[in-house]
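Residue numbers (this note's numbering), protein chains in the order written: chain A, 1358 to 1871; chain B, 892 to 1261.
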């Protein structure tokens, strides 16, 4: 898939054993090691990789956090978390050797001495455990800590590759809160790490079906000739969830659905659907094509926002038959909050392929079901023959289901058996879970492995992030202006405000029934 | 009995709805007339519509001449279809039978999918070919393939001359287990001639090679870092322990090292030892040691400066790998071991695509030893 993959075959014994880049020995330093992300996702992911034999022996994990703790206490804590959240059962034999590769480093994020001692400890680990000077720094701490951590890493010389090794940094979203802050964050990151060392993680891209979009488009000759304005009527991207803000109110109150989902996950999915074929599968070849899509997104001017964007907030309602409170009644939420929990947008891509093909995107919390999918709606057959008079033909729709029940379906028209001519839509449906019994690895496993192997394909590049903010910013500004467009309320358990339906109805279209 | 009980399922009582958990009995299912198989299969799915989903990624034909193979293979197919949906065509041939006769059965193997919401079912068509009817194999297979799906042929018996060229032309992957062969050279010759005669390239899938997957991965990982590549040209000896009956597996492992590291046979000697020469004509001594345990047990590679050890962990289903060298601490790690169960080997093979080029090179490197 990338430069690193090109180099892997230097080990002749690897030929035929794996088609992916082989991860290299390294020390993974997690900043924010006592946080939720480390417990729920990161440590279980590293354990699963070790249990599946995907990691070389010389991989160590060093938790970096403020609270005083011994290595053994941290190991115990990580064992409990892994037993709770791992996709496969934790085996004592594996954990026994794996846990000896886990260490804890106590320091304040702003304490330079803590980084100096970290550097010394890493040198010692290199000698003792053969991590060969390779360091992977994972920022699982709050974004407000990024600058401090980066500056201290640089001052301690930990940003530089050592002894022919490498130093890389993985950054969790949010990558800024607007274009200005994203540029500032990128500037700060680039003061310590080159872009080639920087891996901005978007776990949506680690999902099997997201990766399959490129295979579907470019490994099947039947789709690409139709994949343009001539044959496609419109595209819908939906990310619906039944959950409310749960324990994330503090973050959500400053972010909202637009920053939390649209700017990153949904625009990344749109890129995969809309990009041109890359010349090869190198990380930058793919990311070059993705960034062209975001760059081609027609900016929604402030005065257009009320026409092309609908924002909503859930009010009290019911999910799965159980009453749930409205957003403003949730814990730690401002009673007068105007944060959006639902967004629907009409997007245009100003390039040759997608001219005049609207992209409708919707994302929301407390919707009737949880589902993320992309549907490509093809133009109707000409109004002759079967649909000349009374019969109305439906569109062909190709659906890529990202989660849950990952799969692909194609709707087409078929004659209902009988002597009269009745035509109805039928569906060809492919379910990953049905055809492949084996469960896919978690997104974090794939992405961690990629970062250890130097494969940046599934990570966002700085220009992708900035262009995405450039698209989102005018909408956010309009929402925060004095004459801001209205915030619509929808009952929890509904498909969002009626205005979202009107957004499509104005164009003679409707949201796909999920 | 419910209609589905006539297939391969046994219900606790007659009126259990179709979407209830099912206990499988591994029976051959419903006996059908040869000419009615597709019609009966269609009926089977019409009856179960809604509660079940039929799935198939490949046509998997299993051929055996072992007496009693049909129920045994039905059980294997049932287990395999948990992870790999397929149309299974299970064939038992009894060439010595006095009468010429063909019998057929249809059945379905259903498993609750990962989401737990529906039963995912794979079809099985079983045939018993007796007497001269055993020669109907190509026709039986051709008549019952699910169109457009790849065709995997799992040949469980010894191959014989002449092989049906018409059949090979349709095969995408030929699966066999060379560990069971009495005459490796002769069997390989037959396979290679079949492969040459086929109009398309048949991928050779040897379960004896699959058996080595985890061991090979465990050995390979020692040399992932370029700094360890110098050991390739400093290799002095390799010791491979193997269980009784699995010498060919151990030789294939040596063949793999030889093929990938450019070693060639120097001399063959008795008592399980032989010698290879690397590209610089340095000698590498090979010792094959028979002892009870997994098919391939401890593997030790000695270079001038380090020792690389892969051995089965005490728990049995893990490998302990460690590297010992001057000024280096041994850091043992646990890696997954290969499950030698035929279902595990087949599942692994069914989930893999692509050619096995390294296998062919490995075989060629040790052809004289096999």
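Where a beta carbon is used, it is the ideal one built from N, C-alpha and C, also for glycine.
- For residue 1371 (chain A), the nearest CB of chain B lies under 8 Å from its own CB, placing it at the interface with that chain.
- For residue 1662 (chain A), same chain residues with a beta-carbon under 8 Å away, outside a window of 5 residues either side, are 1831, 1832, 1835, 1836 and 1842 in chain order.
- By the rule that beta-carbons nearer than 8 Å mark a contact, residue 1368 (chain A) touches chain B.
- Here residue 1488 (chain A) is near residue 1417 (chain A), since their CB atoms are less than 8 Å apart.
- Residue pairing by DSSP places residue 1493 (chain A) opposite A:1385 and A:1525 in a beta bridge.
- Straight-line measurement puts the Cα of residue 1763 (chain A) at about 17 Å from the Cα of residue 975 (chain B).
- Straight across, the Cα-Cα distance linking residue 964 (chain B) with residue 1478 (chain A) is about 57 Å.
- In the three-state reduction of the DSSP assignment, residue 1579 (chain A) falls in the coil class, being assigned neither a helical nor a strand state.
- Taken in chain order, the complete alpha helix (DSSP H) segments of 4 or more residues contained in the segment 924-1011 of chain B are 928-939 and 960-971.
- Residue pairing by DSSP places residue 1756 (chain A) opposite A:1732 and A:1766 in a beta bridge.
- For the 8 Å CB-CB criterion, residue 1597 (chain A) and residue 1871 (chain A) form a contact.
- Within the segment 1587-1630 of chain A, the runs of alpha helix (DSSP H) that reach at least 4 residues and sit entirely inside it are, in chain order, 1606-1614.
- Nearest to residue 973 (chain B) by alpha-carbon distance, out of B:983, B:985, B:999 and B:980, is B:999.
- The C-alpha of residue 1027 (chain B) is placed about 26 Å away from the C-alpha of residue 935 (chain B).
- Among the residues facing chain A, residue 1115 (chain B) is included, as its CB has a counterpart in that chain under 8 Å away.
- As the crow flies, the alpha-carbon of residue 1046 (chain B) is around 13 Å from that of residue 1070 (chain B).
- Taking 8 Å as the threshold, the shortest C-beta distance from residue 1486 (chain A) to chain B falls below it.
- Residue pairing by DSSP puts residue 1046 (chain B) in a beta bridge opposite B:954.
- In the same chain as residue 1102 (chain B), and ignoring 5 residues on each side of it, the C-beta atoms closer than 7 Å to its own belong to 1140, 1186, 1229, 1231 and 1236, in chain order.
- Distance check between residue 1625 (chain A) and each of A:1441, A:1820 and A:1802 places A:1820 closest, using alpha-carbon atoms only.
- Taking each of A:1444, A:1807, A:1410 and A:1513 in turn and checking the Cα distance to residue 1475 (chain A), the smallest one comes out for A:1513.
- The Cβ atoms of residue 1500 (chain A) and residue 1463 (chain A) do not sit closer than 8 Å to each other.
- For residue 1062 (chain B), the number of other beta carbons within 10 angstroms of its own is at least 16, and it is reported as buried.
- Closer than 8 Å at the C-beta level to chain B, one finds these residues of the segment 1487-1503 of chain A: 1487 and 1489.
- When DSSP reads this structure, residue 1021 (chain B) sits in a beta bridge with B:985 and B:992.
- Here residue 1193 (chain B) carries a strand assignment [DSSP, helix/strand/coil].
- Between the alpha carbons of residue 1605 (chain A) and residue 1611 (chain A) lies a distance of about 10 Å.
- Ranking A:1689, A:1419 and A:1379 by CA distance to the CA of residue 1806 (chain A) puts A:1379 first.
- For residue 1861 (chain A), the enclosing alpha helix (DSSP H) begins and ends at 1855-1862.
- For the 8 Å CB-CB criterion, residue 949 (chain B) and residue 982 (chain B) do not form a contact.
- Looking only at B:1240, B:1065 and B:955, the smallest Cα-Cα distance to residue 1018 (chain B) is reached by B:955.
- One finds nothing in chain B with a Cβ atom closer than 7 Å to the Cβ of residue 1799 (chain A); even the nearest lies about 14 Å away.
- Collapsing the DSSP output to three states places residue 1177 (chain B) in a strand.
- Residues of the segment 1427-1454 of chain A with a Cβ closer than 7 Å to any Cβ of chain B, in chain order: 1450, 1451 and 1454.
- In its chain, beyond the 5 residues on either side, 1591, 1592, 1593, 1594, 1701, 1702, 1703, 1704, 1860, 1861, 1866 and 1868 have a beta carbon closer than 8 Å to the beta carbon of residue 1717 (chain A).
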